[in-house]
Amino acid sequence: MNVPDDLRYNRSHEWIRLDGDTATVGISDHAQEELTDVVFVELPEVGREVDAGDPTAVVESVKAASDIYAPVSGEVVEVNDAVEGDPSLVNTDPYGAGWIFKLKVKDAAQVEGLMDAAAYTSMIG
Amino acid sequence: MSESLKSSPIESVHLELGGRMVPFAGWNMPVMYSSIMDEHSAVRTTAGIFDISHMGQFFVSGGAALEWLNRMLANNVAKLADRQGQYSFLLNEKGGVIDDLIIYRLGDEEFFLVVNASKIDEDREWLASHAAEGTTLLDDSDNWAGVAVQGPESAAAFAKVFPDAELPERNGISQIGLGVIVCRTGYTGEDGFELFCSAAEGASVFRKFVDAGVKPCGLGARDTLRLEMCYPLNGNDLAPDRTPVEAGLGFFVDLEKGDFTGREVLARQKESGPDQRLAAIEYLEKGAPPRAHYAVHSADGELLGELSSGVLSPSLGKGIGLAYLPRESAKVGTELQIDVRGRKFPAVVVKKPFYKPSAKKS
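Protein chains in written order, with the numbering used here: chain A, 1 to 125; chain B, 1001 to 1362.
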């Protein structure tokens, strides 16, 4: 299971990568493996304000739709159009080309409050 | 719900093979092993094996068995030669579907019924409450394991596992030695068979097919495969307040054979046409997967009904679904919209089935 050390993780299996005050959000390798074949991604609108824990995007496999929650509060500043065209990027490159949206982070302390790789690894057992 | 789940006699093999177990119809069953897409594709192109031990096995025998079954079921049992099977319905007095099942004629006075897992108790109680002299009904479901091997290479796999036995003809049934029943049927649209054996032998039979190169498949792929063929799922596409005529399955109802439960309603519906019909609906473009209970609107936005089943078809790469719609909206070519979380995706009523396996194989 791939759990990169330089990311933070949410209990609901989103990862976050902070670059200045912009956070890129996707779902973990573990989550994509649990979902299996992702066949559709519903992206949020750019400009939307979200609070930590808000359902912000939807990732669908053949069998089920799963909400993707904002790990921290902020404004959606960019979405990954590529995963709309090719949802399988979420499976094949969950930490790279399969990212889902970017947030302008309100409060960097919220990012610090998320799990590090070790804590997330131990949570998914 | 806290009620305890039943375990399949093949459960240990599912766990060893990494099957992801989910509750289904009161059973703990594998929904998938690798992925639904992989498993679906294996059945369309090579062969896959499903555990169907949750399904029920009834035996009906006696001098009056044929006559009684003909009164209890919608299709004509008298049309069956020995060792032939037939798709049929157990109906209530309103013509609604209690269960859809396959009945096989084992001999002059002996019949074998394979019924849906969630309906075993209800079917048995319904049949028992309508019992007739000269017939014996045995619900033997707990003693049997079942596997369905489906796909263009299923016959070759059978020859590997049972080199001394022969598969029956399409829709036929045969026995291998004592206590193994093989039916040349399935629910995927592909060539294949369903094999029933003692519960104790189930795990070893399943494993032998996997060792022969057949891919283990879960209920997820079984659902996408059957929906591509427009085969109905009891509880979704069939219900006690829906008749086989409304479901477009009037072909499996024989009004000429004499009286049977529900006949009056079906005869009326066949003559005047039902108010609603089960329509096959396909997306016009890519979109979020349609699922059961999503609302179906007309092109003008009028609410017409809801999907009884829906999925992103792995073979076609687009959304497909079934819905009961007013007769005039269920016509092929009618444009519709499917509401997915408030977004409307354009769709159209198409001819059944969505997928034609024979065209693909040639």
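A virtual CB, placed ideally from N, CA and C, is assigned to each residue, including glycine.
For residue i, which residues of its own chain have a beta-carbon under 6 Å away from its beta-carbon, when the five flanking residues on both sides are left out?
| i | result |
| --- | --- |
| P1023(B) | L1005 |
| G1179(B) | S1198 |
| F1058(B) | L1113, D1139 |
| W99(A) | T24, G26, N80 |
| K1351(B) | V1332 |
| S66(A) | V59 |
| F1089(B) | A1074, V1097, D1100, P1244 |
| G1189(B) | M1229, P1357 |
| R1226(B) | Y1187 |
| K1360(B) | Legend: pLDDT at K1360(B) = 44, less than 50; position of this residue unreliable, value from coordinates given subsequently. So the list is empty, once near-sequence residues are dropped. |
| I1120(B) | G1056, S1141 |
| M63(A) | For the sequence presented, residue 63(A) should be read as Lys rather than Met. So no residue of the chain qualifies. |
Near residue i, which residues of its chain fall below 8 Å by C-beta distance, leaving aside the five closest residues on each side in sequence?
| i | result |
| --- | --- |
| M1(A) | D29, H30, E33, T121, I124 |
| F1111(B) | F1059, V1060, S1061, A1065, L1066, L1069, V1077, I1103, Y1104, R1105 |
| L114(A) | R8, Y9, N10, I16, P71, V72 |
| A1267(B) | L1255 |
| K102(A) | T22, A23, T24, V25, V76, V77, E78, V79 |
| L1137(B) | F1058, F1059, V1060, R1124, L1127, A1128, A1131 |
| K1079(B) | Q1086, D1254 |
For residue i, which residues in chain B fall below 9 Å Cβ to Cβ?
| i | result |
| --- | --- |
| V50(A) | What V50(A) touches in chain B: nothing, since even the nearest Cβ is about 16 Å away. |
| E42(A) | A1288, V1340, R1341, R1343 |
Would you grab the beta carbon distance between residue i and residue j for me? Rounded to a whole angstrom, and I think it's under 8 Å.
| i | j | result |
| --- | --- | --- |
| E1335(B) | P1346(B) | 7 Å |
| P1152(B) | D1191(B) | 6 Å |
| E14(A) | I68(A) | 6 Å |
| F1209(B) | A1157(B) | 6 Å |
| G1186(B) | A1148(B) | 6 Å |
| A1299(B) | Q1337(B) | 7 Å |
| L1322(B) | S1308(B) | 5 Å |
| S88(A) | V46(A) | That pair is no contact at about 23 Å. |
| G1019(B) | V1214(B) | Not quite, the Cβ-Cβ distance comes to about 14 Å (not below 8 Å), so this is no contact. |
Could you list which residues in chain B have their beta carbon closer than 8 Å to that of residue i, in chain order?
| i | result |
| --- | --- |
| T56(A) | Under the 8 Å cutoff, chain B gives no residues; its nearest Cβ is about 13 Å from T56(A). |
| T24(A) | Those within 8 Å of T24(A) in chain B number zero; the least Cβ separation is about 23 Å. |
Enumerate in chain order the residues of its own chain whose CB-to-CB distance from residue i is below 7 Å, with the five nearest sequence positions on each side excluded.
| i | result |
| --- | --- |
| S1007(B) | N1028 |
| S1315(B) | R1044, E1228, Y1355 |
| L1284(B) | P1346, A1347, V1348 |
| I1176(B) | F1162, A1165, V1182 |
| A1025(B) | H1054, A1117, S1118 |
| Q110(A) | A52, V72, S73 |
| D5(A) | A117 |
| T36(A) | S61 |
| G1202(B) | P1009, I1010, S1053, A1145 |
| S1012(B) | A1203 |
| V1115(B) | M1055, G1056, F1058, D1099, L1101, D1123 |
| N1143(B) | S1198, A1199 |
| A57(A) | V41, E42, L43, P44, I68, I100, F101 |
| R1184(B) | L1167, P1168, E1169, R1170, N1171, G1172, F1193 |
If the cut is a Cβ gap below 7 Å, which residues of chain A does residue i touch?
| i | result |
| --- | --- |
| T1224(B) | V62 |
Give me the chain B residues within the contact set of residue i, using Cβ-Cβ distance strictly less than 7 Å, ordered along the chain.
| i | result |
| --- | --- |
| G39(A) | Reading the sequence as shown, one finds Val at residue 39(A) and not Gly. Per Cβ cutoff of 7 Å: P1289, L1312. |
| T92(A) | Neighbours of T92(A) on chain B: none; closest Cβ ~13 Å, over 7 Å. |
| T36(A) | M1032, S1035, I1036 |
Anything in chain A within Cβ reach of residue i, meaning under 8 Å, just list it in chain order.
| i | result |
| --- | --- |
| I1176(B) | What I1176(B) touches in chain A: nothing, since even the nearest Cβ is about 35 Å away. |
| G1220(B) | V62, K63 |
Give a single yes or no on whether residue i has its beta carbon closer than 7 Å to a heavy atom of the ligand GTP.
| i | result |
| --- | --- |
| D1142(B) | No copy of the ligand GTP occurs in the structure displayed, which carries no ligand at all. |
Using 8 Å as the Cβ pair cut-off and three pairs as the minimum, do the region 1127–1141 of chain B and the region 1049–1068 of chain B touch? yes
Whole runs of the beta strand (DSSP E) within the region 1047–1088 of chain B, excluding any shorter than 3 residues: 1048–1051, 1056–1061
Just to confirm the assignment: which complete alpha helix (DSSP H) runs, minimum length 4, are found wholly within the region 36–110 of chain A? 81–85, 89–92
At least three beta-carbon pairs within less than 8 Å, the region 1145–1162 of chain B to the region 1234–1244 of chain B: no
Residue ranges of each alpha helix (DSSP H) run of no fewer than 4 residues wholly in the region 1204–1266 of chain B, ordered along the chain? 1219–1228
Should the region 1285–1294 of chain B be called in touch with the region 1257–1275 of chain B, which here means at least 3 C-beta pairs below 8 Å? no
Give a yes or no on contact between the region 1245–1252 of chain B and the region 1262–1278 of chain B, applying the rule of three or more CB pairs nearer than 8 Å. yes
Spell out a yes or no on whether the region 1163–1177 of chain B and the region 1072–1087 of chain B are touching, meaning 3 or more CB-CB pairs, one atom from each, closer than 8 Å. yes
Is the number of C-beta pairs between the region 1030–1042 of chain B and the region 1213–1229 of chain B that are closer than 8 Å three or more? As far as the Cβ criterion goes, the region 1030–1042 of chain B touches the region 1213–1229 of chain B, which means the pair count is three or higher.
Mind the definition here: the region 1292–1301 of chain B touches the region 1266–1275 of chain B only if three or more C-beta pairs lie below 8 Å; say whether that holds. no
Ignoring anything shorter than 4 residues, give me the alpha helix (DSSP H) runs that lie fully in the region 1085–1150 of chain B, in order along the chain. Segments of the alpha helix (DSSP H) lying fully in the region 1085–1150 of chain B: 1120–1129.
Report the residue ranges of all beta strand (DSSP E) runs contained in full by the region 1303–1348 of chain B; include only those spanning at least 3 residues, in chain order. Qualifying beta strand (DSSP E) stretches, in chain order: 1303–1312, 1319–1326, 1335–1340.
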